[in-house]
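Below is one structure; the comments refer to it alone.
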Amino acid sequence: MSYHRYDAVIVGAGGAGLMTAIQMAGKANIAVVSKLYPPRSHTGAAQGGVAAALGNTEEDHWEWHMFDTVKGGDYLVDQDAAAILARDAIDAVYELEHMGLPFNRTPDGLIDQRRFGGHSRNFGEGPVRRACYAADRTGHMIIQTLYQQGIKHNVTFRDEEFLLDVLFSENGECCGVVTRELTTGEYHVLHAKAVMIATGGFGRMFKITSNAMAGTGDGVAIPYRRGVPVMDMEFYQFHPTGLYKLGILLSEAARGEGGILRNNEGEAFAARYAPTMKDLAPRDMVSRFIYEEVKAGRGIDGKDYVHLDLTHLPPEVIDAKLPDITDFARTYLNVEPKTQPVPIQPTAHYAMGGLPTDLDGRVLADASGNVIPGLYAAGESACVSVHGANRLGTNSLVDLIVFGRRAGRHMLKFVDDTSHPTMPANPDRPAREEIDEIVARPSGENAAEIRERLQDVMMDKVSVVRNAGGMNEALAEVESLRNAYKNVAIQDKGNIFNTDLTEALECGYMLDLAEALIIGALAREESRGAHYRTDFEKRDDSNWLAHTVVKMKGDKLELTKKPVTVTTFEPKERVY
Ligand SMILES: Cc1cc2nc3c(=O)[nH]c(=O)nc-3n(C[C@H](O)[C@H](O)[C@H](O)COP(=O)(O)OP(=O)(O)OC[C@H]3O[C@@H](n4cnc5c(N)ncnc54)[C@H](O)[C@@H]3O)c2cc1C
Numbered sequence: 001m002s003y004h005r006y007d008a009v010i011v012g013a014g015g016a017g018l019m020t021a022i023q024m025a026g027k028a029n030i031a032v033v034s035k036l037y038p039p040r041s042h043t044g045a046a047q048g049g050v051a052a053a054l055g056n057t058e059e060d061h062w063e064w065h066m067f068d069t070v071k072g073g074d075y076l077v078d079q080d081a082a083a084i085l086a087r088d089a090i091d092a093v094y095e096l097e098h099m100g101l102p103f104n105r106t107p108d109g110l111i112d113q114r115r116f117g118g119h120s121r122n123f124g125e126g127p128v129r130r131a132c133y134a135a136d137r138t139g140h141m142i143i144q145t146l147y148q149q150g151i152k153h154n155v156t157f158r159d160e161e162f163l164l165d166v167l168f169s170e171n172g173e174c175c176g177v178v179t180r181e182l183t184t185g186e187y188h189v190l191h192a193k194a195v196m197i198a199t200g201g202f203g204r205m206f207k208i209t210s211n212a213m214a215g216t217g218d219g220v221a222i223p224y225r226r227g228v229p230v231m232d233m234e235f236y237q238f239h240p241t242g243l244y245k246l247g248i249l250l251s252e253a254a255r256g257e258g259g260i261l262r263n264n265e266g267e268a269f270a271a272r273y274a275p276t277m278k279d280l281a282p283r284d285m286v287s288r289f290i291y292e293e294v295k296a297g298r299g300i301d302g303k304d305y306v307h308l309d310l311t312h313l314p315p316e317v318i319d320a321k322l323p324d325i326t327d328f329a330r331t332y333l334n335v336e337p338k339t340q341p342v343p344i345q346p347t348a349h350y351a352m353g354g355l356p357t358d359l360d361g362r363v364l365a366d367a368s369g370n371v372i373p374g375l376y377a378a379g380e381s382a383c384v385s386v387h388g389a390n391r392l393g394t395n396s397l398v399d400l401i402v403f404g405r406r407a408g409r410h411m412l413k414f415v416d417d418t419s420h421p422t423m424p425a426n427p428d429r430p431a432r433e434e435i436d437e438i439v440a441r442p443s444g445e446n447a448a449e450i451r452e453r454l455q456d457v458m459m460d461k462v463s464v465v466r467n468a469g470g471m472n473e474a475l476a477e478v479e480s481l482r483n484a485y486k487n488v489a490i491q492d493k494g495n496i497f498n499t500d501l502t503e504a505l506e507c508g509y510m511l512d513l514a515e516a517l518i519i520g521a522l523a524r525e526e527s528r529g530a531h532y533r534t535d536f537e538k539r540d541d542s543n544w545l546a547h548t549v550v551k552m553k554g555d556k557l558e559l560t561k562k563p564v565t566v567t568t569f570e571p572k573e574r575v576y
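Residue numbers (the numbering used here): 1 to 576.
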């Protein structure tokens, strides 16, 4: 084991981690830990855009953006956080531009903007162009730009190093992390005054997902096992347009540029459900529209998918603005989007829930809002909460840069004012013992099989449409898989790039998060945003205008409610 001392450790080199790191670079001794080479982080896969009310192509205001965010999140959004998101988005996007991000441009040379689901003009009157974009490679451009800035500012990157544990002092201060180098199997203890968790989401717990293999929620599950709460886990977003059977995302930008969803009769059915926003209603709703069409027998060929029609778009628009996603359709489905409709179905996409934080990224210890000294979170692994019950498209990238930036600035002050807390004795022991046990087991349960069963049951019983019967079955299956996992065994016993071991660990993290997700979903006896229950079809503000906070206490899970911050927009029925 080797020991290292930093002011701060940032775990995760996606948009959130890198934005945090850039605030601190050169001003504090920091390290960025990532299980992937940084540009391979999931942020690089983001396609459609980043929201900011620049008003470059038509009138827009940050207050409209805030309203759309709150309404899109079915009023579960904390409105003080939404105000910061919408207001600071403008500045943060210009900051990216000044770092050199190659946005698409208007003829006048301004950052071009396009439509996206749920973004409206004048508090809901109709679509507005708010998404700033770089073709359909916005995330790729963001991650390249931020990574280059990191290199330029001499940030220490600890690539291909896997987070195994988060450390706390006797007084409950976060004091570092334990990692394992993937290339060698060597353990490292990184002693720090502050730790940022920016490890992204956990879509891989579902069978059909847009998330890459690395989206397994490690950084949420590890502190959760140590008693740190998770919030609003039941809100998991299904994006309406994943490639049929594969889940690979076709960005909402396709509908923003004029793409239309059609059923087996060729009908543009979204207009029937959302007369104003039509295909650009928020994702939770459009996913349910598809579910209803399929249930009514209007799926294509009687199956569980519909068509995304781009054939009426000028071919030059497709080539210039949607090049990558239309290539996905050609490559993976052998469909030419210029002349043929693309088969699509909802795909597990985004975790609205995660580690609860305050407005500066400090992780909360409980539903009363007490913070855990030294522990921060940002990005998809965090829940601040700006997305509430349903995130709007292009609001994740802006969340990363706005709250990554705020957290980085706060961490900088914090590490300036604090000394290193004392670490526990043998800090790497629990992580090492867990791994030794798995490696030493001569035979046992297979992690890949456990993961597959988890993905199947989560997809069948806890996805776009839920009810108590199905979720109880899912909970029983997850409990039995968690039991099986106690006896998990791997074949590769080596230290060098042991993907067998990595995948087994990731599977364990997803099992714990799936359990928390189902517990929250069962408790929430209402339908709101992405959480739609056939046994409780209405939103219930009198009982459930509240966040759920789930905490591990020994073998038990404790669920409490945290009030939603309402500052400006009183909850109303969502109509689009
Ligand atoms: C296909 C697709 C398209 C999208 N398009 C858009 C869009 O157009 N606009 C928008 O706003 N949002 C979009 N999103 C959502 C958005 O891209 C993500 O929510 C966001 O990029 C997450 O960023 P992050 O920094 O939180 O995490 P990520 O970018 O996922 O980074 C996570 C980091 O954590 C590291 N990590 C994880 N576990 C460990 C561990 N155990 N040890 C060490 N390191 C670890 C990883 O190596 C990685 O560096 C899209 C998502 C997908 C899947």
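Idealized CB from N, CA, C, for every residue including glycine. Since this is a predicted model, take the numbers as computed values, not measurements.
Query: Integer-rounded CB distance, given that ASP7 should sit under 8 Å from VAL415; Result: 4 Å
Query: For PRO315 and ALA194, the rounded distance between their alpha carbons; Result: 50 Å
Query: Ordered list of alpha helix (DSSP H) runs contained in the segment 129-188, each at least 4 residues; Result: 138-152
Query: ASP159 CB to nearest heavy atom of ligand 1 below 6 Å; Result: no
Query: Neighbourhood of GLY100 by C-beta distance below 8 Å, restricted to the same chain and skipping five residues each side; Result: THR145 and GLN148
Query: Same chain, Cβ closer than 6 Å to GLU445, five either side skipped, listed in chain order; Result: ALA484, ASN487 and VAL488
Query: TYR576 burial status per 10 Å Cβ neighbour count (16 or more: buried); Result: buried
Query: From ARG451, LEU400 and ILE435, residue whose alpha carbon lies closest to that of ALA92; Result: LEU400
Query: Residues that DSSP places opposite CYS383 in a beta bridge; Result: PRO356
Query: Run of the beta strand (DSSP E) containing HIS239, from where it starts to where it stops; Result: 236-243
Query: Contact test: SER34 Cβ vs ligand 1 heavy atom, cutoff 6 Å; Result: yes
Query: Supposed contact pair PRO346 and ASP165 - C-beta distance, whole angstroms, cut 8 Å; Result: Actually they do not touch by this definition, with Cβ atoms about 35 Å apart.
Query: Helix, strand or coil at GLU506 according to DSSP, with G and I counted as helix; Result: helix
Query: Through-space distance from THR138 to GLU257, alpha-carbon basis; Result: 15 Å
Query: Neighbour-count burial assignment, VAL577, 16 or more Cβ in a 10 Å radius; Result: Because the chain spans 1 through 576 in this model, residue 577 falls outside it and cannot be assessed.
Query: Per-residue DSSP class, three states only, for LYS538; Result: coil
Query: Supposed contact pair VAL398 and LEU600 - C-beta distance, whole angstroms, cut 8 Å; Result: Because the chain in this structure spans residues 1 to 576, residue 600 falls outside the shown range and cannot be described.
Query: ASP284 - DSSP class collapsed to helix/strand/coil; Result: helix
Query: As assigned by DSSP and simplified to three states, the class of ASN578; Result: The displayed coordinates of the chain run from 1 to 576. Any statement about residue 578 would go beyond what the structure contains.
Query: Reference ARG482, options LEU322, THR565, ASP500 and LEU511, closest by Cα; Result: LEU511
Query: Contact the segment 184-200 vs the segment 211-219: 3+ CB pairs below 8 Å; Result: yes
Query: Residue from GLN23, TYR236, SER210 and MET66 with nearest C-alpha to HIS42; Result: SER210
Query: First and last residue of the uninterrupted beta strand (DSSP E) at GLY72; Result: That residue, GLY72, is in no beta strand (DSSP E); its alpha helix (DSSP H) goes 62-72.
Query: Backbone CA spacing between LYS551 and PHE569 [nearest angstrom]; Result: 30 Å
Query: 8 Å CB neighbourhood of ILE248 in its chain, flanking five on each side removed; Result: SER210, GLY242, PHE328, TYR332 and THR347
Query: Buried or exposed by the 16-neighbour rule on C-beta atoms within 10 Å, applied to ARG451; Result: buried
Query: Proximity of THR57 and ARG129 at Cβ, strictly below 7 Å; Result: yes
Query: Ligand 1 heavy atom lying under 6 Å from the CB of ALA45; Result: yes
Query: Buried versus exposed call for THR106 [16 or more other C-beta atoms within 10 Å across all chains shown]; Result: exposed
Query: Beta-carbon proximity of ILE300 to ASN334, cut-off 7 Å; Result: no
Query: DSSP state of ALA53 mapped onto helix, strand, coil; Result: coil
Query: Inter-residue CB distance, VAL342 and HIS312 (contact presumed, cutoff 8 Å); Result: Between HIS312 and VAL342 the Cβ distance is about 13 Å, and since that is not below 8 Å, they are no contact.
Query: Contact belief for GLY48 with ASP136 at Cβ below 8 Å, rounded distance in angstroms; Result: 6 Å
Query: Contiguous alpha helix (DSSP H) assignments of at least 4 residues, all confined to the segment 269-340; Result: 270-273, 283-295, 315-321 and 323-333
Query: In DSSP terms, what ILE248 is bridged to; Result: DSSP output for ILE248 lists no bridge partner at all.
Query: The segment 180-192 touching the segment 467-483, judged by at least three CB pairs closer than 8 Å; Result: no
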